[in-house]
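Sequential numbering of the sequence shown, starting at 1, is according to the numbering used here.
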Amino acid sequence: MTLKEAIVAATDSEPIAEVIAGRLRAEGIAVRVRYDSQAGIPRQIAPAGLGFGLGAFRIAVAARDAERAREVLADAEPRDRRRSPVFRAVAVLVLIAFVLVWIPGILDEIRALLDLAR
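Structural data, given as structure tokens:
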């Protein structure tokens, strides 16, 4: 008798697949992470996690646990990856300052402008 499995999630990154599997294991759900090659490249030599689309890591659970696993994964809050506007503004200013420093004579021009402002 073979155990029927259901795929509850898929990703192109092995670390993300293992995080998902770990979340399900923490809830007592037996999980198997499978690698499905789309280009015929064995997992051992595939550039895992580089996003080349060469394969997918699929998270499989027993068919009887599939609904519960999907509920557990649905309850997980997506992480907000957006940075605050202040962070972006500071990053842009630092980048501009870094580039300006490498332009010959720009520091003298900035000093002259600051002296005129006084």
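Idealized CB from N, CA, C, for every residue including glycine. It should be emphasised that the depicted structure is a prediction, and the values quoted were computed from it without experimental measurement.
- The stretch 7-23 makes contact with the stretch 60-75: 3 or more CB pairs, one atom from each, lie closer than 8 angstroms.
- Judged by DSSP secondary structure, R23 falls within the alpha helix (DSSP H) whose first and last residues are E14 to A26.
- The beta-carbon distance between R68 and I29, rounded to whole angstroms, is 7 angstroms. This is short enough to meet the 8 angstroms contact definition.
- In this structure, DSSP gives I96 a helical state, which the three-state scheme calls helix.
- Note on A17: 16 or more other CB atoms within 10 angstroms of its CB, so buried under the neighbour-count rule.
- For I103, the three-state secondary structure derived from DSSP is coil.
- Restricting attention to E14, I59 and A89, the CA atom closest to the CA of R25 is found in I59.
- CA-CA distance, L113 to G105, rounds to 13 angstroms.
- Around the Cβ of G55, a 10 Å sphere holds 16 or more other Cβ atoms; the residue is buried.
- About 7 angstroms separates the beta carbons of A76 and R23, which is inside the 8 angstroms limit, making them a contact pair.
- Separation of E109 and S84 (C-alpha to C-alpha, rounded to the nearest whole angstrom) is 32 angstroms.
- Classified as exposed, F87 has fewer than 16 neighbouring CB atoms from the shown chains inside 10 Å of its CB.
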